[in-house]
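Quick notes on the structure that follows.
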């Protein structure tokens with residue numbers, strides 16, 4: 525770009541000089557002979573410049589499209605398991621409930637735990653993890669119940685988790701349902 | 525692989541184009557001394573044509589990139605659950621095995637069936653279905669064992685399914701393990 529601008533500058537200067545020279549020599553003859561040629565060249569130059577600009581714009585636009593497509597692809601890849609993962613969470617809840625039933629035989633319990641472990645492992649490999657419950661965070665926790673604070677438990681700390689929350693990388697799949705001190 | 529090669533093409537074309545641009549700039553500077561006015565016009569016209577071609581090519585390439593990005597996005601969307609679905613299949617196997625255990629209480633059985641149903645439902649909503657076992661198809665079935673044919677069962681028909689196969693839309697996630705008559 526800058527190269528081309530530099531090369532054009534001297535031409536423009538030359539053209540200006542020619543005009544001045546011709547004007548001083550013979551004023552009457554000037555317009556007929558010089559103008560047609562000059563405007564043809566001007567038009568060609570304009571056309572060249574026009575297409576150059578169009579080309580540069582198209583080129584820049586092409587790079588933008590490619591960049592955007594890459595970003596979109598990365599996002600799609602990163603969160604690709606979101607829908608299926610969300611739909612699997614109730615199965616995990618059901619498994620937990622089944623495991624909480626009294627009087628399970630060792631075989632059944634083992635079987636259920638195997639299913640649970642393999643589900644959790646599959647989700648983990650795809651980037652799904654349990655929401656942390658160390659400190660109460662309204663972005664990740666839904667307070668569905670409160671209990672009074674005491675000396676050991678200040679306000680806005682989590683007393684109990686009623687249902688686990690899950691996130692896919694940084695994106696929340698569902699909040700944890702919690703009881704908070706208040 | 526082939527997709528990756530395709531996406532590299534525009535870059536290669538661009539590099540070529542850049543070389544051409546530099547070449548045309550260099551040409552411009554050369555002939556000025558011999559035939560100044562005529563060649564100046566010719567060169568300007570050439571330059572205009574050159575950039576017009578480049579612009580048209582860039583424009584066409586831009587549309588190609590956009591089309592390819594759309595196709596890729598659609599494929600990514602369609603098969604987005606592939607990895608997670610594949611990893612969930614062993615959990616389904618484990619559930620089936622757990623349900624086959626003798627002497628389950630009604631509560632446990634109900635719990636297991638609920639988990640199983642919700643998993644199958646979640647997979648189905650994402651396009652995952654069991655591989656059909658009506659007729660033996662080596663693209664979808666793996667014959668791991670054979671039994672002798674008889675009058676009712678001709679060769680290459682399925683005698684038993686040892687492990688279910690699953691597919692995501694038209695794409696196989698894993699083949700069904702079957703016993704075939706032979």
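Residue numbers (the numbering used here), protein chains in the order written: chain A, 525 to 706; chain B, 525 to 706.
Virtual Cβ for every residue (Gly too), placed ideally from N, Cα, C.
This structure is a prediction, so every number in the text was calculated from the model and none was measured.
Within chain A, the residues whose beta carbon sits less than 9 angstroms from that of residue 635 of chain B are 618, 619, 621, 622, 623, 625, 636, listed in sequence order. For residue 621 of chain A, the enclosing alpha helix (DSSP H) covers residues 606-623. Runs of the beta strand (DSSP E) lying entirely within the segment 618-700 of chain B, each at least 3 residues long, are 652-654, 665-671, 682-687, 690-692, 695-698 in chain order. Chain B places no beta carbon closer than 7 angstroms to that of residue 696 of chain A, leaving this residue out of the contacts. One alpha carbon belongs to residue 660 of chain B, the other to residue 590 of chain A, and they sit about 45 angstroms apart. Close to residue 590 of chain A, with beta-carbon spacing below 7 angstroms, are these residues of chain B in chain order: 589. Residue 646 of chain B is positioned such that its CB atom lies closer than 7 angstroms to that of residue 612 of chain A. By the rule that beta-carbons nearer than 7 angstroms mark a contact, residue 663 of chain A does not touch chain B.
At a beta-carbon threshold of 7 angstroms, the residues of chain A lying near residue 569 of chain B are 568, ordered along the chain. Annotation: residue 608 of chain A to residue 571 of chain A spans about 55 angstroms, alpha carbon to alpha carbon.
Residues of chain A with a Cβ closer than 9 angstroms to the Cβ of residue 604 of chain B are, in chain order, 600, 601, 603, 604, 605, 606, 607, 608.
Contact of residue 585 of chain A with chain B by beta-carbon distance below 8 angstroms involves 586. Chain-ordered, the chain A residues with CB closer than 7 angstroms to the CB of residue 576 of chain B read 575. A contact between stretches requires three or more CB pairs, one per stretch, nearer than 8 angstroms, and the segment 663-682 of chain B meets this requirement with the segment 697-704 of chain B. Secondary structure of residue 579 of chain B (DSSP, three-state): helix. Under a criterion of Cβ atoms nearer than 7 angstroms, no residue of chain A is adjacent to residue 692 of chain B; the nearest Cβ is some 10 angstroms distant. Scanning its chain for C-beta atoms nearer than 8 angstroms, with the 5 sequence neighbours on each side dropped, one finds around residue 640 of chain B the residues 616, 619, 620, 623, in chain order.
With a 10 Å radius around the Cβ and a threshold of 16 neighbouring Cβ atoms, residue 693 of chain A comes out exposed. Under the 7 angstroms criterion on CB atoms, residue 642 of chain B is classed as interfacial with respect to chain A. Pairing residue 687 of chain A with residue 688 of chain B, the inter-Cα distance amounts to about 32 angstroms. Rounded to the nearest angstrom, the gap between the Cα atoms of residue 610 of chain B and residue 633 of chain B is 25 angstroms. As the crow flies, the alpha-carbon of residue 600 of chain A is around 8 angstroms from that of residue 601 of chain B.
Relative to the Cα of residue 651 of chain B, the nearest Cα in the group B:605, B:682, B:584, B:678 belongs to B:605.
Burial check for residue 706 of chain A: the Cβ neighbour count within 10 Å stays below 16, so the residue is exposed.
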